[in-house]
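Novice: The structure follows.
Protein chains: 2
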Amino acid sequence: MVKKVLKFGGTSVGSIERIHHVAQIIKKEHDEGNQIIAVVSAMAGKTNELIDLSKKIEENFDKRELDVLLSSGEQVTCALLAGALIKLNLNARSWLNWQIPILTEGDHSNARIINMSIDKINNFLQENGVVIIPGFQGISKDGLVTTIGRGGSDATAVAVAKIFDTDCCEIYTDVDGVYSTDPNKIPVAKKIDKISYDEMLELSSLGAKVMQSSAVQTAMMYNIPLEVKSTFTNREGTKIFERENIDYSKSVTGVAYSKDDAKITLVGVEDKPGVAANIFEPLSKAQINVDMVIQNISSDEKTTDITFTIKRDDLTKTKEILKQNKRIKYKNITYNNKVSKISIVGAGMVSTPGVTFRMFKGLAEKKINILAISTSEIKLSVIIDEKNTVEAIKQLHTIFDLD
Amino acid sequence: MVKKVLKFGGTSVGSIERIHHVAQIIKKEHDEGNQIIAVVSAMAGKTNELIDLSKKIEENFDKRELDVLLSSGEQVTCALLAGALIKLNLNARSWLNWQIPILTEGDHSNARIINMSIDKINNFLQENGVVIIPGFQGISKDGLVTTIGRGGSDATAVAVAKIFDTDCCEIYTDVDGVYSTDPNKIPVAKKIDKISYDEMLELSSLGAKVMQSSAVQTAMMYNIPLEVKSTFTNREGTKIFERENIDYSKSVTGVAYSKDDAKITLVGVEDKPGVAANIFEPLSKAQINVDMVIQNISSDEKTTDITFTIKRDDLTKTKEILKQNKRIKYKNITYNNKVSKISIVGAGMVSTPGVTFRMFKGLAEKKINILAISTSEIKLSVIIDEKNTVEAIKQLHTIFDLD
Numbered sequence: 002m003v004k005k006v007l008k009f010g011g012t013s014v015g016s017i018e019r020i021h022h023v024a025q026i027i028k029k030e031h032d033e034g035n036q037i038i039a040v041v042s043a044m045a046g047k048t049n050e051l052i053d054l055s056k057k058i059e060e061n062f063d064k065r066e067l068d069v070l071l072s073s074g075e076q077v078t079c080a081l082l083a084g085a086l087i088k089l090n091l092n093a094r095s096w097l098n099w100q101i102p103i104l105t106e107g108d109h110s111n112a113r114i115i116n117m118s119i120d121k122i123n124n125f126l127q128e129n130g131v132v133i134i135p136g137f138q139g140i141s142k143d144g145l146v147t148t149i150g151r152g153g154s155d156a157t158a159v160a161v162a163k164i165f166d167t168d169c170c171e172i173y174t175d176v177d178g179v180y181s182t183d184p185n186k187i188p189v190a191k192k193i194d195k196i197s198y199d200e201m202l203e204l205s206s207l208g209a210k211v212m213q214s215s216a217v218q219t220a221m222m223y224n225i226p227l228e229v230k231s232t233f234t235n236r237e238g239t240k241i242f243e244r245e246n247i248d249y250s251k252s253v254t255g256v257a258y259s260k261d262d263a264k265i266t267l268v269g270v271e272d273k274p275g276v277a278a279n280i281f282e283p284l285s286k287a288q289i290n291v292d293m294v295i296q297n298i299s300s301d302e303k304t305t306d307i308t309f310t311i312k313r314d315d316l317t318k319t320k321e322i323l324k325q326n327k328r329i330k331y332k333n334i335t336y337n338n339k340v341s342k343i344s345i346v347g348a349g350m351v352s353t354p355g356v357t358f359r360m361f362k363g364l365a366e367k368k369i370n371i372l373a374i375s376t377s378e379i380k381l382s383v384i385i386d387e388k389n390t391v392e393a394i395k396q397l398h399t400i401f402d403l404d
Numbered sequence: 002m003v004k005k006v007l008k009f010g011g012t013s014v015g016s017i018e019r020i021h022h023v024a025q026i027i028k029k030e031h032d033e034g035n036q037i038i039a040v041v042s043a044m045a046g047k048t049n050e051l052i053d054l055s056k057k058i059e060e061n062f063d064k065r066e067l068d069v070l071l072s073s074g075e076q077v078t079c080a081l082l083a084g085a086l087i088k089l090n091l092n093a094r095s096w097l098n099w100q101i102p103i104l105t106e107g108d109h110s111n112a113r114i115i116n117m118s119i120d121k122i123n124n125f126l127q128e129n130g131v132v133i134i135p136g137f138q139g140i141s142k143d144g145l146v147t148t149i150g151r152g153g154s155d156a157t158a159v160a161v162a163k164i165f166d167t168d169c170c171e172i173y174t175d176v177d178g179v180y181s182t183d184p185n186k187i188p189v190a191k192k193i194d195k196i197s198y199d200e201m202l203e204l205s206s207l208g209a210k211v212m213q214s215s216a217v218q219t220a221m222m223y224n225i226p227l228e229v230k231s232t233f234t235n236r237e238g239t240k241i242f243e244r245e246n247i248d249y250s251k252s253v254t255g256v257a258y259s260k261d262d263a264k265i266t267l268v269g270v271e272d273k274p275g276v277a278a279n280i281f282e283p284l285s286k287a288q289i290n291v292d293m294v295i296q297n298i299s300s301d302e303k304t305t306d307i308t309f310t311i312k313r314d315d316l317t318k319t320k321e322i323l324k325q326n327k328r329i330k331y332k333n334i335t336y337n338n339k340v341s342k343i344s345i346v347g348a349g350m351v352s353t354p355g356v357t358f359r360m361f362k363g364l365a366e367k368k369i370n371i372l373a374i375s376t377s378e379i380k381l382s383v384i385i386d387e388k389n390t391v392e393a394i395k396q397l398h399t400i401f402d403l404d
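Taken in order, these protein sequences are the chains called G and B. First residue of the first sequence? That's 2 in the working numbering, and the numbers climb one at a time after it. First residue of the second sequence? That's 2 in the working numbering, and the numbers climb one at a time after it.
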């Protein structure tokens with residue numbers, strides 16, 4: 002007997018028909034002799050609808066009460082799915098955040114799950130029960146409702162898998178797995194059968210929004226096997242494992258991109274210790290997420306040029322902060338708000354020589370200019386002109402045999 | 002300082018604008034130095050919307066899960082109202098069924114509130130806090146969500162008033178009080194300033210659906226002063242007290258009517274002990290609510306005729322049960338499914354001679370035939386042809402000086 006977490010996202014439970022369909026998936030798994038804990042999101046659109054209501058009351062709606070408000074969305078899905086399963090003669094029951102309880106710590110709207118009581122639910126599973134748990138929420142030690150951030154149902158699913166020591170955690174969603182690149186942009190994109198946690202993390206942080214990153218991190222930390230698969234087809238999904246479980250025949254697993262970036266260069270910054278901290282501390286305080294940072298010696302050799310990328314939306318705010326901050330001295334500031342970041346990701350890269358060279362050569366062949374470069378163990382990112390995005394992805398996809 | 006329960010029904014919190022308006026009412030009460038516990042319903046239409054969803058899953062949706070589903074409606078209102086009050090700089094907080102907890106016993110969808118923990122909430126009130134509580138729901142001793150029946154927010158409000166020993170319980174609704182008869186049908190209907198619990202009970206059980214009857218019963222049992230008033234005007238509402246507190250200048254307080262009745266007569270029933278029980282026991286088991294019962298000696302003097310009224314919807318089922326039940330012997334069965342019940346209600350009736358005569362004479366003047374009569378200490382009901390309903394109400398309203 003296998004104990005499984007099945008997580009169903011908002012689109013998967015987005016209508017009555019789809020909830021019936023999800024009930025069939027669960028019934029099939031249960032009939033095969035598996036113990037099932039289902040984690041569900043709010044029906045598609047519901048959370049946004051509730052947020053809209055709160056904003057109509059008050060733009061800065063109280064975070065404690067917002068958590069009370071939003072948590073009702075998953076509660077509704079839990080009850081409807083339990084009802085649909087009971088209709089199929091299964092002994093299903095919704096277990097609400099306070100009934101389990103799902104204990105969290107941290108701020109409202111940004112809490113972390115730290116524990117759940119397992120005995121009652123394990124007994125229920127022993128009695129052939131099907132457990133339905135609301136994603137995205139919990140309660141604090143003071144007995145207040147908390148939520149764990151947008152997309153938090155993935156985190157709930159992985160936490161349940163860890164705490165209940167399940168054999169696996171299947172993430173049902175509206176795509177049938179993780180792709181070598183965005184299949185909407187590049188039709189030759191291929192579904193990846195197996196991928197390592199760290200590759201998945203690089204891909205999801207780079208815009209392949211199949212799964213919430215922190216959930217993948219938790220799964221990696223506790224070595225919980227994940228599978229991302231479609232609610233709407235019977236096809237195999239993408240299995241996510243430790244790197245050791247994967248036989249790398251290719252150096253590159255996927256090509257990711259992120260749009261809406263902007264590049265800023267501070268020209269002629271005084272080159273002395275602490276200058277970078279002076280630049281980035283106020284940005285961090287203003288919640289501006291700095292992505293790539295590249296530092297070059299400036300032409301006059303006494304100063305340095307610092308280039309970094311941020312989200313395009315933050316550009317105006319960033320320029321203001323840089324201009325107002327008297328601790329930052331520089332000659333000039335330039336920026337480009339029409340850039341995108343293209344990354345090749347692959348755990349096999351580290352053992353394959355020449356990947357960097359092949360990437361640069363491939364882009365040069367297409368006359369695509371590289372504006373900045375950043376590397377990590379399993380990732381190589383370049384900033385290019387936004388207009389070259391699709392051509393660059395296509396070229397890299399072909400060069401690294403992903404077509 | 003006065004401790005008050007303010008209950009707001011679904012229409013009163015039916016939109017964002019109305020929730021803001023309710024927040025203003027609460028702020029005004031709080032600014033006057035009162036301790037406020039607000040009990041709220043789901044936003045108008047929300048409960049029906051959730052029921053519709055459940056019926057789309059399964060016509061006989063599991064009652065335990067239905068309670069989980071429906072209770073989300075009041076949770077949403079609680080959070081939104083708390084947010085609106087916090088915007089007004091009040092220290093408001095939603096207290097959910099399990100956070101208080103509101104302990105209930107009895108079946109799902111039909112539970113009764115038996116207790117609440119008061120210390121935490123009393124402390125919060127002492128600290129100038131405004132308490133928001135969801136109506137219509139609680140939890141069982143096993144920690145399951147329960148609901149207490151449609152209109153149950155009134156019952157929650159009265160239970161809160163009793164358990165927290167508040168000075169009064171104000172029921173805010175979309176009408177500005179209790180009327181001498183239905184103001185939609187009879188434009189000269191007058192708002193009643195003061196009414197006793199038992200008159201209110203007769204009026205509400207007879208179709209004046211301003212407040213849920215069982216809530217009025219509880220208020221009567223514990224002598225909790227009620228006031229029914231409009232959320233949308235500043236006018237005084239109707240105060241509901243013990244009879245002693247009211248100075249009766251009129252013998253009749255109001256004229257109630259109930260539509261959708263049907264009258265059944267069993268002709269020639271054997272006249273011996275236990276025959277009535279034989280008739281009504283199977284109806285009771287089938288959840289058919291028998292209202293008035295009248296028994297006459299039949300023309301042949303060895304048998305009797307038994308007439309009773311039921312809801313029109315139950316007519317087919319009732320006839321079937323009567324025909325199938327072999328323990329019931331009678332010569333003939335007649336029925337009239339187009340009748341209505343008109344009642345005059347007044348605690349002053351008992352001390353005023355001639356009320357009965359004046360009623361019958363008034364109806365006779367309008368040539369309205371009386372098909373059955375039933376009396377109680379503070380009520381006198383007649384069954385008449387449905388087509389005479391409005392004329393009968395008008396006539397009685399005039400005769401008893403209610404215009």
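The C-beta atom is built at its ideal place from N, Cα and C for all residues, glycine as well. Predicted model only: the values in this text are computed from it and were never measured.
Which residue comes first and which comes last in the beta strand (DSSP E) that contains B/Leu-474?
Specialist: Chain B is shown from 2 up to 404; residue 474 of chain B falls before or after that span and cannot be answered.
Novice: Can you check which of these residues, G/Gln-76, G/Asn-61, G/Met-350, is closest to G/Ser-250 by C-alpha distance?
Specialist: The count along the first sequence starts at 1 and reaches residue 250 of chain G at position 249. When only C-alpha atoms are compared, the closest one is G/Met-350.
Novice: Going straight from the alpha carbon of B/Asn-92 to that of B/His-21, what length do you get?
Specialist: Within the second sequence, numbered from 1, the residue matching residue 92 of chain B stands at position 91. Within the second sequence, numbered from 1, the residue matching residue 21 of chain B stands at position 20. About 16 angstroms.
Novice: Please report the distance separating the alpha-carbon of G/Gln-25 from that of B/Ile-27.
Specialist: The sequence position of residue 25 of chain G within the first sequence is 24, counting from 1. The sequence position of residue 27 of chain B within the second sequence is 26, counting from 1. Taking the straight line from one Cα to the other gives about 48 angstroms.
Novice: Go through its chain and collect everything with a Cβ distance to G/Val-146's Cβ below 7 angstroms, but skip five positions before and after it.
Specialist: In the first sequence, the residue the question calls residue 146 of chain G occupies position 145. Result list for G/Val-146: Asp-68, Val-69, Ser-72, Asn-98, Gln-138, Ile-140, in chain order.
Novice: Tell me where the alpha helix (DSSP H) around G/Asn-279 begins and ends.
Specialist: Translated into the one-based positions of the first sequence, residue 279 of chain G becomes position 278. Its alpha helix (DSSP H) spans residues 276 to 286.
Novice: For G/Glu-59, which residues in chain B fall below 8 angstroms Cβ to Cβ?
Specialist: Here residue 59 of chain G is taken as the residue at index 58 of the first sequence, counted from 1. Near G/Glu-59 (Cβ distances below 8 angstroms), the residues of chain B are Gly-84, Ala-85, Ile-87, Lys-88.
Novice: Should G/Asp-248 be labelled buried (16 or more other beta-carbon atoms within 10 Å of its own) or exposed?
Specialist: Locating residue 248 of chain G in the first sequence gives position 247, counting from the first residue. With fewer than 16 other Cβ atoms within 10 Å, it is exposed.
Novice: Taking only the alpha-carbon atoms, compute the straight-line gap between G/Ile-149 and G/Gln-218 and give it to the nearest angstrom.
Specialist: As a working mapping, residue 149 of chain G is identified with position 148 in the first sequence. As a working mapping, residue 218 of chain G is identified with position 217 in the first sequence. Near 15 angstroms, if we compare the C-alpha coordinates of G/Gln-218 and G/Ile-149.
Novice: Confirm, please, whether the CB-CB distance from B/Val-189 to B/Val-6 is below 9 angstroms.
Specialist: As a first step, residue 6 of chain B is located in the second sequence; it is residue number 5 there, counting from the start. As a first step, residue 189 of chain B is located in the second sequence; it is residue number 188 there, counting from the start. Going by C-beta atoms, B/Val-6 is not nearer than 9 angstroms to B/Val-189.
Novice: Straight-line CA distance for G/Ser-154 to G/Asp-53?
Specialist: Position 153 of the first sequence, counted from the start, is the residue given in the question as residue 154 of chain G. Position 52 of the first sequence, counted from the start, is the residue given in the question as residue 53 of chain G. Using only the alpha carbons, I get a separation of about 20 angstroms.
Novice: Taking only beta-carbon positions, decide if G/His-31 is within less than 9 angstroms of chain B.
Specialist: Start at 1 with the first residue of the first sequence, and residue 31 of chain G comes out as number 30. No, G/His-31 does not count as interfacial toward chain B.
Novice: Is there a Cβ from chain B that is less than 9 angstroms from the Cβ of G/Ile-17?
Specialist: In the first sequence, residue 17 of chain G corresponds to position 16, counting from 1. Chain B, which has a Cβ nearer than 9 angstroms to the Cβ of G/Ile-17, makes this yes.
Novice: Indicate the three-state DSSP secondary structure (helix, strand or coil) for G/Lys-191 in the structure shown.
Specialist: Numbered from 1 along the first sequence, position 190 holds the residue referred to as residue 191 of chain G. In the three-state reduction of the DSSP assignment, G/Lys-191 falls in the coil class, being assigned neither a helical nor a strand state.
Novice: Around the C-beta of G/Glu-33, are 16 or more other C-beta atoms found within 10 angstroms, so that it is buried, or is it exposed?
Specialist: Within the first sequence, numbered from 1, the residue matching residue 33 of chain G stands at position 32. An exposed status is given to G/Glu-33, since fewer than 16 other beta-carbon atoms sit within 10 Å of its beta-carbon.
Novice: Between which two residues does the beta strand (DSSP E) carrying G/Thr-336 extend?
Specialist: For this step, residue 336 of chain G is matched to residue 335 along the first sequence. According to the sequence as given, residue 336 of chain G is Tyr; it is not Thr. Where G/Tyr-336 is concerned, the enclosing beta strand (DSSP E) stretches over 333 to 346.
Novice: By the DSSP assignment, the beta strand (DSSP E) with B/Glu-271 in it spans what residues?
Specialist: Position 270 of the second sequence, counted from the first residue, corresponds to residue 271 of chain B. Residues 255 to 271.
Novice: In chain order, what residues of the same chain lie with their CB nearer than 6 angstroms to the CB of G/Lys-192, ignoring the 5 residues before and after it?
Specialist: Residue mapping note: residue 192 of chain G aligns to position 191 of the first sequence, counting from 1. Here the set comprises Gly-178, Tyr-180.
Novice: According to DSSP, B/Glu-106 sits in a beta bridge with which residue or residues?
Specialist: For this step, residue 106 of chain B is matched to residue 105 along the second sequence. B/Arg-113, per the DSSP bridge assignment.
Novice: Please classify B/Thr-305 as buried or exposed, where buried requires at least 16 other C-beta atoms within 10 Å of its C-beta.
Specialist: Stepping through the second sequence from its first residue, residue 305 of chain B is reached at position 304. Answer is buried; the Cβ neighbour count reaches 16.
Novice: Kindly indicate which residue of B/Lys-264, B/Thr-317, B/Val-211 has the alpha-carbon position closest to the one of B/Ala-287.
Specialist: For the purposes of this step, residue 287 of chain B is taken as residue 286 along the second sequence, with counting starting at 1. Closest option to B/Ala-287, Cα to Cα, is B/Thr-317.
Novice: Reducing DSSP to helix, strand and coil, say where G/Leu-82 ends up.
Specialist: Translated into the one-based positions of the first sequence, residue 82 of chain G becomes position 81. In this structure, G/Leu-82 counts as helix in the three-state DSSP scheme.
Novice: Run the CB neighbour count on B/Thr-234, radius 10 Å, all protein chains shown included, and call it buried at 16 or more, exposed below.
Specialist: Position 233 of the second sequence holds residue 234 of chain B. Answer is exposed; the Cβ neighbour count stays below 16.
Novice: I want to verify the contact list: residues of chain G whose CB lies under 9 angstroms from the CB of B/Gly-11, in sequence order.
Specialist: For the purposes of this step, residue 11 of chain B is taken as the residue at position 10 of the second sequence. Going along chain G, no residue has its Cβ under 9 angstroms from B/Gly-11, so there is no contact; the nearest lies around 15 angstroms.
Novice: With respect to the beta strand (DSSP E) encompassing B/Arg-94, which residues constitute its N-terminal and C-terminal limits?
Specialist: In the second sequence, the residue the question calls residue 94 of chain B occupies position 93. Run containing B/Arg-94: 93 to 95, per the beta strand (DSSP E) assignment.
Novice: In the DSSP assignment, find the alpha helix (DSSP H) that holds G/Ile-385 and state where it starts and stops.
Specialist: Against the first sequence, residue 385 of chain G aligns to sequence position 384. Careful: G/Ile-385 lies outside any alpha helix (DSSP H), inside the beta strand (DSSP E) at 380 to 386.
Novice: Any beta carbon from chain G within less than 9 angstroms of B/Ser-154's own beta carbon?
Specialist: In the second sequence, counting from the first residue as 1, residue 154 of chain B sits at position 153. Not one chain G Cβ lies under 9 angstroms of B/Ser-154.
Novice: Per DSSP, B/Asp-306 forms a beta bridge with which residues?
Specialist: On the second sequence, residue 306 of chain B is found 305 positions in, with the first residue counted as 1. The partner list for B/Asp-306 (beta bridge, DSSP) reads B/Asn-297.
Novice: Report yes if the CB atom of G/Ile-241 is closer than 9 angstroms to the CB atom of G/Ser-197, and no otherwise.
Specialist: The sequence position of residue 241 of chain G within the first sequence is 240, counting from 1. The sequence position of residue 197 of chain G within the first sequence is 196, counting from 1. Yes.
Novice: Apart from the five residues on each side of it in sequence, which residues of its chain come closer than 6 angstroms, Cβ to Cβ, to G/Ser-382?
Specialist: For the purposes of this step, residue 382 of chain G is taken as residue 381 along the first sequence, with counting starting at 1. Excluding sequence neighbours, G/Ser-382 sits near Lys-342, Ser-344, Ser-375.
Novice: Give the single residue among G/Lys-88, G/Thr-232, G/Ser-55, G/Asp-120 whose Cα lies nearest to the Cα of G/Gly-15.
Specialist: Position 14 of the first sequence, counted from the first residue, corresponds to residue 15 of chain G. Ranking the options by Cα distance to G/Gly-15, first place goes to G/Thr-232.
Novice: Can you tell me where the beta strand (DSSP E) with B/Ile-400 in it begins and where it stops?
Specialist: Looking up residue 400 of chain B in the second sequence gives position 399. Not the beta strand (DSSP E): B/Ile-400 falls in the alpha helix (DSSP H), residues 390 to 400.
Novice: Helix, strand or coil for B/Ala-39, going by three-state DSSP, please let me know.
Specialist: By 1-based counting over the second sequence, the position of residue 39 of chain B is 38. In the structure shown, B/Ala-39 sits in a strand (DSSP, three-state: E or B).
Novice: Residues of chain B with a CB under 7 angstroms from the CB of G/Gln-76: which are they?
Specialist: Counting from 1 along the first sequence, the entry for residue 76 of chain G is found at position 75. Here the neighbours are Val-69, Ser-73.
Novice: What's the call for B/Arg-328, buried or exposed, on a 16-neighbour Cβ count within 10 Å?
Specialist: Start at 1 with the first residue of the second sequence, and residue 328 of chain B comes out as number 327. Counting of Cβ neighbours within 10 angstroms places B/Arg-328 among the exposed residues, the total staying below 16.
Novice: State the Cα-Cα distance for the pair B/Ile-122 and B/Val-40, rounded to the nearest angstrom.
Specialist: Taking the second sequence and counting its residues from 1, one reaches residue 122 of chain B at position 121. Taking the second sequence and counting its residues from 1, one reaches residue 40 of chain B at position 39. If I take the Cα positions, the gap works out to 13 angstroms.
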